[in-house]
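Residue numbers (our numbering): 446 to 861. For every residue, glycine included, the Cβ atom is placed at its ideal position computed from N, Cα and C. Have a look at the structure below, then the notes.
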DNA sequence: TGTCCACAGGAAATACGGGGGT
DNA sequence: ACCCCCGTATTTCCTGTGGACA
């Protein structure tokens with residue numbers, strides 16, 4: 446058999462037995478705006494999120510009567526549909542407003558990755574086309590001025606949807622002070638702020654002077670239950686997969702796993718996608734076992750993805766911690782010992798070496814992300830220290846180490 | 001009960017590099 | 001080309017502390 450024939454045969458076989466009809470519907474990032482809306486319609490037509498939809502519409506009702514709605518705070522865990530629902534409704538409201546000859550626009554500021562006040566402000570400015578993207582060198586105040594300037598001539602309703610507001614990790618007060626107190630007075634538009642957060646208490650420690658100005662309604666999105674998730678997954682399966690190839694109980698199993706753990710629709714779809722990938726690669730049906738395998742693979746993936754996208758220094762610290770723990774057979778290791786491993790890692794890979802003080806912060810970060818656990822231990826007369834032990838499942842450790850090593854060597858050869 | 005170790009971690013200082021103004 | 005301003009990252013400095021030991 447020639448090479449060409451072999452390839453043709455492979456292509457045909459994979460086409461014939463394919464589970465996947467349209468892969469895009471398993472990955473939102475591949476979907477066009479239009480298709481995303483179609484998926485949402487599929488879901489909302491099954492009476493999911495009915496209550497929340499009613500509440501949001503009720504909140505904006507005054508606008509259609511030419512009054513000024515309060516601000517709105519939407520709370521709920523990740524993947525409960527806050528963003529999707531809100532965006533869909535804002536689009537509808539805009540249409541409704543137009544029919545009543547009201548001017549209304551909305552903007553969606555997505556803070557899905559944490560960033561300081563300045564960055565958030567810069568992103569908002571970019572969104573409004575009021576400024577380019579800066580790294581530094583310009584004051585937060587100036588940024589605020591540009592935003593105001595840009596909006597100086599707009600007199601209609603302006604809904605600013607600030608998504609994941611709690612991700613503003615420095616000077617949240619400054620950001621809110623601008624949005625809540627300064628901006629409404631500086632621009633002629635009728636401003637309606639819509640905050641979304643997965644932290645129910647995000648307003649707990651903001652400046653009281655800002656808080657008193659911040660009159661808001663609150664809407665809570667409950668996590669999806671297993672029934673909802675089944676409906677959501679079925680909608681995806683219908684669009685993306687060949688139903689012949691999906692075993693009975695697969696959707697129920699994924700929905701069950703997801704609702705038990707988090708009720709996060711995005712993750713449920715991710716699991717469906719991963720399991721499908723595996724089944725497709727092996728040319729098998731989508732079975733309950735494949736779902737289990739997908740579940741495992743997803744866990745590993747998320748660790749590796751996180752490591753890959755971390756700053757170099759954090760990777761070095763993690764590598765040092767893993768090596769130190771390995772040498773100590775998994776027993777807790779004091780931070781100072783890990784530091785000497787870290788020194789070695791830096792020398793070998795030609796990475797600039799940070800002080801112990803800073804290194805200690807890196808360890809705290811790793812703790813925050815759930816890679817390790819740090820514990821303060823007092824040894825009485827013999828001082829105190831921080832001990833570290835491992836939280837990563839052992840079967841992932843080697844792959845994480847390999848990933849970090851790889852990114853270091855790539856860095857060195859790429860630079861040199 | 002008080003002492004005092006040896007480090008954790010807060011706060012201030014400093015370094016860095018982009019950006020505007022001139 | 002120069003200076004000064006800015007946000008961010010890191011270093012330097014130093015105070016605070018849990019509990020074994022005496």
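Asked	Found
Taking Cβ to Cβ, would you say residue 710 is nearer than 9 Å to residue 669?	yes
For residue 476, name the three-state secondary structure that DSSP assigns.	coil
Determine the extent of the beta strand (DSSP E) in which residue 835 is found, giving its start and end residues.	829-835
Which residues mark the beginning and the end of the alpha helix (DSSP H) in which residue 813 is found?	801-813
Verify whether the separation of the beta carbon atoms of residue 764 and residue 835 is less than 9 Å.	no
Does the distance from the C-beta atom of residue 651 to that of residue 617 stay below 9 Å?	yes
In whole angstroms, what separates the C-alpha of residue 624 from that of residue 680?	38 Å
Answer with buried or exposed for residue 513, where buried requires no fewer than 16 other C-beta atoms within 10 angstroms of its C-beta.	exposed
Which class does residue 598 belong to by DSSP, given the choice of helix, strand or coil?	coil
Got a sec? Which residues, its chain only, sit under 6 Å from residue 819 by beta carbon, not counting five neighbours each side?	808, 812, 831, 833
Is it the case that the Cβ atoms of residue 735 and residue 720 are separated by a distance below 9 Å?	yes
So is residue 448 buried or exposed if we call it buried at 16+ other beta carbons inside 10 Å?	exposed
Out of curiosity, what's the CA-to-CA distance linking residue 840 and residue 744?	11 Å
Taking only three categories from DSSP, how would you classify residue 618?	helix
I think residue 772 touches residue 848, with their Cβ atoms under 8 Å apart; what is that distance to the nearest whole Å?	Rounded, the Cβ-Cβ distance is 20 Å, inconsistent with contact.
Considering only residues of the same chain and omitting the five flanking positions on each side of residue 549, which have a CB-CB separation below 6 Å?	539, 542, 601, 602
Tell me whether residue 622 is buried or exposed, calling it buried when 16 or more other Cβ atoms sit within 10 Å of its Cβ.	buried
Under 7 Å Cβ to Cβ from residue 810, same chain only, skipping five residues before and after it: list those, please.	759
With residue 819 as the anchor, note down where its beta strand (DSSP E) starts and where it stops.	817-823
Once the 5 residues before and after residue 467 are set aside, which same chain residues still bring their CB inside 7 Å of it?	684, 685
What does a CB cutoff of less than 7 Å around residue 568 pick up in its chain, not counting 5 residues either side in sequence?	554
Near residue 861, which residues of its chain fall below 8 Å by C-beta distance, leaving aside the five closest residues on each side in sequence?	Note on residue 861: pLDDT 35, under 50, position unreliable in the model; no value is reported.
Please state if the CB of residue 508 and the CB of residue 635 are separated by a distance shorter than 9 Å.	yes
Out of 472, 558, 783, which has the shortest C-alpha to C-alpha gap to residue 613?	558
Distance, Cα to Cα, residue 476 vs residue 494?	22 Å
Can you round the beta-carbon distance between residue 606 and residue 531 to whole angstroms, since I take them to be within the 8 Å contact cut?	6 Å
Between the alpha carbons of residue 583 and residue 564, how many angstroms are there, rounded?	11 Å
Would a C-beta distance cut-off of 9 Å place residue 666 and residue 490 closer than the cut-off?	no
Mind pulling the alpha helix (DSSP H) runs of 4 or more residues that sit fully within the segment 493-568?	495-509, 527-544
Let me check understanding here. Comparing Cα to Cα, which of 823, 761, 727, 780 lies closest to residue 854?	761
Is the CB-CB distance between residue 488 and residue 724 below 9 Å?	no
Buried or exposed: which applies to residue 580, given that a residue is buried once 16 or more other Cβ atoms fall within 10 Å of its Cβ?	exposed
Our contact map puts residue 694 next to residue 733 with C-beta atoms below 8 Å; I'd like the distance itself, whole angstroms only.	6 Å
Can you grab the Cα-Cα spacing for the pair residue 852 / residue 551, in whole Å?	41 Å
How many Å lie between residue 790 and residue 801 at the Cα?	14 Å
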